[in-house]
Amino acid sequence: MVSSGTEAVMSAIRLARGFTGRKKLVKFEGCYHGHADSLLSKAGSGLATLGLPATPGVPPELAALTLTAPYNDIDAVRMLFREHGSDIACIIIEPLAGNMGVVPPQPGFLEALRQLTHETGALLIFDEVITGFRLCYGGYQTLFGIRPDLTCLGKIIGGGLPVGAFGGRRDIMDMLAPNGPVYQAGTLSGNPLAMAAGITTLRTLQQKGLYETLSEKTDSLCRNISTCFQSAGIPVHLNRQGSMFTFFFTADDVYNFETALKSDTKRYAIYFQKMLEGGINLPPSQFEAAFLSCAHSDADLETTVETCRRVCRSLQS
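Just so you know, the sequence shown maps onto residues 197 to 513 in our numbering.
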């Protein structure tokens, strides 16, 4: 247990380096794994929203240890391994990206990463800080049956309190002190308040039919919002998985960071502001995922759709 998703990822990467004896890591453009030095290269989330350069304050010698590839491009990853494979400690990835908007993995992509790391001795790390316990009781790996070597969690498992966690294969975790030589510590790690909130949250999430109901509500909401855009002649592209979704203001498919950046962010900003004025608080950035909650009632969803319909008419004019 740790105190944040950033801390979980930072610790998992240190552990991967200690276990493999290698220095470099592979991450993907548009994925965000917290603000640790090694992970800001071509990151999503706030860096994408604000258009900030990725590495000021990060020594170039450290930045050089992070290799980046386009999301969903297995050929680019294989090329990195041909050039640096003997020094790559791990691949870290959001198995379902949520920090450039929702971008799902294409069929076979995660399986190919799993096979590649098996062949080269690198570790595969899933950052499930967003997806863990949001799409099902477990993570994205539970839905699709792909087991990484290490998993990072956060947010949801603390019921809103500061918490994070990382775990994985026993032989890797045994490298952590005091069992092994890789040091990791935190004064507030596993603090009683966050643990009590987390246990209560995870028990609540075990309610029968909870995730199915949440997915059905999200499906209905997204279909109705799509109809609003279509009726107004506004081109949007919807990416959705379970209760996570993003409407990109582009007519084209969005399958990586480059295609996400083609979305009309100015139009999204206008849409966000007008929806906010109507009482609907959406993610303020085109590059942040939207989530439906069990707390949202049918009346809330009807109000959201009606507000969207009015806003689309105003955008049309």
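For every residue, glycine included, the Cβ atom is placed at its ideal position computed from N, Cα and C.
- Contact between L417 and L497 holds, with the beta-carbon distance rounding to 5 Å and staying under 8 Å.
- The continuous alpha helix (DSSP H) containing I368 extends over residues R366 to M369.
- For the beta strand (DSSP E) assignment, the stretch 382-411 encloses no uninterrupted run of at least 3 residues.
- Pairing V378 with L258 gives a Cβ-Cβ distance that is not under 7 Å.
- In the three-state reduction of the DSSP assignment, L497 falls in the helix class.
- When the five nearest sequence neighbours on each side are left out, the beta carbons in the same chain lying within less than 7 Å of the beta carbon of L339 are those of L331 and C332, in order along the chain.
- For the pair T400 and L406, the Cα-to-Cα distance works out to about 9 Å.
- DSSP places I321 outside any alpha helix (DSSP H); the residue lies instead in the beta strand (DSSP E), whose first and last residues are L319 to D323.
- The Cβ atoms of P431 and A456 lie no closer than 7 Å to each other.
- Non-local C-beta neighbours of F305 in its own chain, meaning closer than 8 Å and more than five positions away in sequence, comprise N268 and I270, ordered along the chain.
- The stretch 442-466 is shown to contain whole alpha helix (DSSP H) runs of 4 or more residues at 453-456, in chain order.
- Under the three-state reduction of DSSP output, Q469 falls in the helix class.
- Taking the CA atoms as reference points, S199 sits about 6 Å from L384.
- Per the coordinates, the alpha-carbon of K413 lies some 47 Å from the alpha-carbon of S282.
- Within the stretch 200-231, the runs of beta strand (DSSP E) that reach at least 3 residues and sit entirely inside it are, in chain order, 220-224.
- Per the coordinates, the alpha-carbon of M371 lies some 24 Å from the alpha-carbon of G335.
- Per DSSP, A373 lies in no beta strand (DSSP E) and is assigned neither H nor E.
- Around the Cβ of G294, a 10 Å sphere holds 16 or more other Cβ atoms; the residue is buried.
- DSSP places R436 inside the beta strand (DSSP E), whose first and last residues are H433 to Q437.
- Around the beta carbon of H229, 16 or more other beta carbons lie within 10 angstroms, which makes this residue buried.
- Where T316 is concerned, the enclosing alpha helix (DSSP H) starts and stops at F305 to T316.
- Inclusion of F453 and G297 in the CB contact set at 7 Å is not warranted, their separation being larger than that value.
- Distance between R436 and E307, taken at the CA atoms: about 20 Å.
- Here DSSP, grouped into helix, strand and coil, assigns V298 to coil.
- For L346, the uninterrupted beta strand (DSSP E) run begins and ends at L346 to G350, by DSSP.
- Judged by DSSP in its simplified three-state form, G281 adopts helix.
- According to the DSSP assignment, T262 belongs to the beta strand (DSSP E) that extends over T262 to A265.
- When N420, I342, A381 and A393 are compared, the shortest CA-CA separation from L357 is found for A393.
- When DSSP reads this structure, C286 sits in a beta bridge with L221 and L319.
- According to the DSSP assignment, Y336 belongs to the alpha helix (DSSP H) that extends over Y336 to F340.
- Between G350 and the set C504, G363 and I326, the nearest pair of CA atoms involves I326.
- Burial of K223 is indicated by the presence of at least 16 other C-beta atoms within 10 angstroms of its C-beta.
- I321 is a Cβ neighbour of I288, given a cutoff of 7 Å.
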